[in-house]
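J.: First the structure, which I've put down as structure tokens, then a few questions once you've had a look.
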Amino acid sequence: MRYIEPHAHMVSRTTDDYTKMTLAGCAAVCEPAFWAGFDRSSADGFHDYFCQLTDHEPKRAAKFGLPHFSWLCINPKESEDVKLAEDVIALIPKFLDRPNVLGIGEIGLNKNSRNEMRVLEMHIDLAARHSQLILVHTPHLEDKLKGTRLIIDAIKSHKNIRPERVIIDHVEEHTTKLVLDTGMWAGMTLYPESKCSPPRAVDMLEVYGNERVWMNCACDWGVSDPLAVPKTALEMKKRGHSAEAIDKVIFQNPLKFLGQCPKFKIASR
Amino acid sequence: MTRQQVLDLYFMDARSKLIDLAAFLDRIDRADGPEDFRLKALRTAILELSGDKKEKTKQVLLTFSDPSVDPIEKATTKAACGAYPGAPN
Chain A
2 MRYIEPHAHM VSRTTDDYTK MTLAGCAAVC EPAFWAGFDR SSADGFHDYF CQLTDHEPKR
62 AAKFGLPHFS WLCINPKESE DVKLAEDVIA LIPKFLDRPN VLGIGEIGLN KNSRNEMRVL
122 EMHIDLAARH SQLILVHTPH LEDKLKGTRL IIDAIKSHKN IRPERVIIDH VEEHTTKLVL
182 DTGMWAGMTL YPESKCSPPR AVDMLEVYGN ERVWMNCACD WGVSDPLAVP KTALEMKKRG
242 HSAEAIDKVI FQNPLKFLGQ CPKFKIASR
Chain B
898 MTRQQVLDLY FMDARSKLID LAAFLDRIDR ADGPEDFRLK ALRTAILELS GDKKEKTKQV
958 LLTFSDPSVD PIEKATTKAA CGAYPGAPN
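Protein chains in written order, with our numbering: chain A, 2 to 270; chain B, 898 to 986.
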């Protein structure tokens with residue numbers, strides 16, 4: 002089995018996780034910028050974080066034979082402070098040429114506030130001006146449906162963003178069709194305690210089809226599982242999905258979306 | 898898959914989760930103090946499981962969701978609580 006982990010916060014994980022992912026068949030890992038679990042006190046903290054994502058972490062992953070890619074932004078949980086967001090967004094362009102940067106993400110909303118919306122629109126504009134792919138975080142739990150609708154409207158209102166260059170992550174049964182109907186991609190995030198379980202992810206594949214979808218573990222410093230994608234592949238196998246169908250969802254699909262960025266190159270296995 | 902195959906694969910897991918839910922409600926019954934909007938939302942969501950209704954997962958998720966459409970003025974917390982508390986007074 003081979004797979005691409007398109008969303009994992011590896012700066013929060015141990016080297017044991019890199020070993021396990023590589024042994025499980027991981028061919029590449031992609032790391033969106035996110036919340037550290039605490040608010041950074043200044044844009045300088047983000048500068049250091051962006052250096053970590055674009056310089057240090059790729060070297061750490063390379064020790065395990067794993068290509069590492071990243072996405073840059075200020076995450077929605079720290080977007081209530083618009084001035085901080087402006088300062089951080091101003092830093093991003095100088096990092097965009099780094100060899101492992103795939104685009105802008107994970108942007109989006111958390112509590113669906115006006116300031117979060119404003120910062121989301123700033124990120125969308127940044128992506129449009131620099132022709133970047135976009136990876137979107139949708140809010141959790143009771144805020145997901147409303148947030149997904151607001152995010153879709155914000156992206157569709159920008160004439161220079163092509164939907165096939167956007168993936169909206171953390172979809173669930175009540176938001177998947179909303180996203181796919183726009184022509185954007187949908188990401189299913191596999192979590193032990195919230196978001197989507199492996200059986201539910203396979204249910205959604207069976208209901209909504211396997212076009213323009215990927216699966217990811219979004220493992221971070223919380224309760225999460227860096228092997229959630231291969232475990233979901235096993236769930237597919239238990240239900241009788243073919244090896245080709247599994248490969249499409251966990252390898253070919255992310256390769257197709259991420260391959261829209263010319264920097265995303267991995268060895269064929 | 899046939900229904901028999903689905904039952905063979907998932908019945909024990911579903912049974913276990915249902916009993917966990919029942920045990921949670923028993924725990925609530927034994928506890929003192931007022932309830933809040935989360936339990937009310939949970940009881941409403943449970944109603945979606947009965948009968949021949951389609952898309953039960955989606956309906957349960959919608960039960961817990963904020964139905965409003967406009968952004969809120971300001972985010973005062975980072976966390977979600979799992980159920981919509983209703984419009985602020």
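In this text, a Cβ means the ideal position worked out from N, Cα and C, and glycines have one as well.
Whole angstroms is fine: what's the gap from E952/B's alpha carbon to I108/A's?
T.: Working through the second sequence from its first residue, we reach residue 952/B at position 55. Working through the first sequence from its first residue, we reach residue 108/A at position 107. Taking the straight line joining both Cα atoms gives about 29 Å.
J.: With H, G and I counted as helix, E and B as strand and the rest as coil, what does DSSP make of I1/A?
T.: The question about residue 1/A has no answer, for chain A in this structure spans 2 to 270.
J.: I need the straight-line Cα distance from P231/A to T183/A, nearest angstrom please.
T.: Here residue 231/A corresponds to residue number 230 of the first sequence, with the count starting at 1. Here residue 183/A corresponds to residue number 182 of the first sequence, with the count starting at 1. Each residue's Cα considered, the two are about 28 Å apart.
J.: Anyone know if the C-beta pair for V172/A and M189/A falls short of 8 Å?
T.: Working through the first sequence from its first residue, we reach residue 172/A at position 171. Working through the first sequence from its first residue, we reach residue 189/A at position 188. In contact: V172/A and M189/A (Cβ atoms closer than 8 Å).
J.: Please name the residue or residues paired with Y4/A in a DSSP beta bridge.
T.: Here residue 4/A is taken as the residue at index 3 of the first sequence, counted from 1. Answer by DSSP bridge pairing, in chain order: C27/A.
J.: Assign I75/A to one of three DSSP states: helix, strand, or coil.
T.: Residue 75/A sits at position 74 when you count from the first residue of the first sequence. In the structure shown, I75/A sits in coil (DSSP, three-state: anything other than H, G, I, E or B).
J.: When DSSP builds the beta bridges, which residues end up paired with L134/A?
T.: In the first sequence, counting from the first residue as 1, residue 134/A sits at position 133. Bridge partners of L134/A: G104/A.
J.: Apply the 10 Å Cβ neighbour rule to G983/B and answer buried if 16 or more other Cβ atoms are within range, or exposed otherwise.
T.: As a first step, residue 983/B must be located in the second sequence, where it is residue number 86. With fewer than 16 other Cβ atoms inside 10 Å of its own Cβ, G983/B counts as exposed.
J.: Who are the Cβ neighbours of N986/B in its own chain at under 6 Å, not counting the five residues just before and after it?
T.: Walking along the second sequence from the start, residue 986/B turns up at place 89. Because the pLDDT at N986/B is just 39, under 50, the model does not fix this residue reliably, and the point stays unresolved.
J.: Looking at the secondary structure, which residues open and close the beta strand (DSSP E) in which I169/A lies?
T.: In the first sequence, residue 169/A corresponds to position 168, counting from 1. Note, I169/A: beta strand (DSSP E), V167 to I169.
J.: With burial defined as no fewer than 16 other Cβ atoms inside 10 Å of the residue's Cβ, what is the status of N161/A: buried or exposed?
T.: Along the first sequence, one-based indexing puts residue 161/A at 160. Exposed.
J.: If I measure Cβ to Cβ from E117/A and keep anything under 7 Å in the same chain, skipping five residues before and after, which residues do I get?
T.: If you number the first sequence from 1, residue 117/A lands on position 116. In chain order, P77, S80, E81, L110 and N111 place their CB closer than 7 Å to the CB of E117/A, counting only its own chain and leaving out the 5 sequence neighbours on each side.
J.: With which residues is V214/A paired in a DSSP beta bridge?
T.: Translated into positions along the first sequence, residue 214/A becomes position 213. Per the DSSP secondary-structure output, V214/A pairs in a beta bridge with A187/A.
J.: Report yes if the C-beta of I247/A is less than 7 Å from at least one heavy atom of the ligand COA; otherwise report no.
T.: By its list of ligands, the structure shown contains no ligand whatsoever, and the ligand COA lies outside what it can speak to.
J.: Whole angstroms are fine: how far does the CA of I267/A sit from the CA of C978/B?
T.: Residue numbering aside, residue 978/B sits at position 81 when the second sequence is read from its first letter. Residue numbering aside, residue 267/A sits at position 266 when the first sequence is read from its first letter. The straight-line gap from Cα to Cα measures roughly 40 Å.
J.: Exposed or buried, S42/A, counting other C-beta atoms within 10 Å across all chains shown (16 or more means buried)?
T.: As a first step, residue 42/A is located in the first sequence; it is residue number 41 there, counting from the start. That one is exposed.
J.: Let me know if Q133/A comes out buried or exposed under the rule of 16 or more other beta-carbons within 10 Å of its beta-carbon.
T.: If you number the first sequence from 1, residue 133/A lands on position 132. Q133/A comes out buried.
J.: Drop a sphere of 10 angstroms on the beta-carbon of S225/A, count the other beta-carbons inside from all chains shown, and report buried for 16 or more, exposed for fewer.
T.: Counted from its first residue, the first sequence places residue 225/A at position 224. Classification of S225/A: buried, given that the 10 Å Cβ count is 16 or more.
J.: Between the alpha carbons of H57/A and C220/A, how many angstroms are there, rounded?
T.: The residue you call residue 57/A lines up with position 56 of the first sequence. The residue you call residue 220/A lines up with position 219 of the first sequence. If I take the Cα positions, the gap works out to 18 Å.
J.: Establish whether the CB of Y19/A and some CB of chain B are separated by less than 8 Å.
T.: Here residue 19/A refers to the residue found at position 18 when the first sequence is read from its first residue. No, because no Cβ of chain B sits closer than 8 Å to the Cβ of Y19/A.
J.: Is it a yes or a no for the stretch 65-75 of chain A touching the stretch 934-944 of chain B, going by three-plus beta-carbon pairs under 8 Å?
T.: no
J.: Could you name the residues of chain A that I969/B contacts, counting a contact when the two beta carbons are closer than 8 Å?
T.: To locate residue 969/B, count along the second sequence from 1; it is residue 72. What I969/B touches in chain A: K112, N113, S114 and R115.
J.: Could you have a look at E141/A and say whether DSSP puts it in helix, strand or coil?
T.: One-based indexing of the first sequence puts residue 141/A at position 140. With the sequence shown as reference, residue 141/A is identified as His, and Glu is not the correct amino acid for it. Of the three classes helix, strand and coil, the one that applies to H141/A here is coil, per DSSP.
J.: In this structure, does DSSP put N986/B in helix, strand or coil?
T.: For the purposes of this step, residue 986/B is taken as the residue at position 89 of the second sequence. Any reading at N986/B must be qualified, since the residue scores a pLDDT of 39, below 50, and its modelled position is unreliable; the value itself is stated next. In this structure, N986/B counts as coil in the three-state DSSP scheme.
J.: What are the start and end residues of the alpha helix (DSSP H) that includes K914/B?
T.: Taking the second sequence and counting its residues from 1, the one referred to as residue 914/B is at position 17. That run of the alpha helix (DSSP H) goes R900 to R927.
J.: Measure the beta-carbon distance from V203/A to M237/A and round it to whole angstroms, keeping in mind my assumption that it falls under 8 Å.
T.: For the purposes of this step, residue 203/A is taken as the residue at position 202 of the first sequence. For the purposes of this step, residue 237/A is taken as the residue at position 236 of the first sequence. Rounded, the Cβ-Cβ distance is 5 Å, consistent with contact.
J.: Please classify F70/A: does DSSP put it in a helix, a strand, or coil?
T.: Numbered from its first residue, the first sequence carries residue 70/A at position 69. Correct three-state label for F70/A: strand.
J.: Is the shortest distance between the beta-carbon of N986/B and the beta-carbons of chain A less than 8 Å?
T.: By one-based count along the second sequence, residue 986/B stands at place 89. Low per-residue confidence applies at N986/B: pLDDT is 39, beneath 50, and the placement is therefore not dependable, though the value from the model is reported in the following sentence. Taking Cβ atoms only, chain A never reaches closer than 8 Å to N986/B, which makes this a no.
J.: Taking contact to mean at least 3 C-beta pairs separated by less than 8 Å, is the stretch 85-92 of chain A in contact with the stretch 41-55 of chain A?
T.: yes
J.: Can you list the residues of chain A that T974/B reaches, using a CB-CB cut of under 9 Å?
T.: As a working mapping, residue 974/B is identified with position 77 in the second sequence. K112, listed in chain order.
J.: Count the other C-beta atoms from every protein chain shown that fall within 10 angstroms of the C-beta of M909/B, then say buried if there are 16 or more, exposed otherwise.
T.: Position 12 of the second sequence, counting from 1, holds the residue named residue 909/B. It is exposed - the Cβ of M909/B has fewer than 16 other Cβ atoms within 10 Å.
J.: Any beta-carbon of chain A closer than 8 Å to the one on A920/B?
T.: As a working note, residue 920/B is residue 23 in the second sequence. Among the CB atoms of chain A, none fall inside 8 Å of the CB of A920/B.
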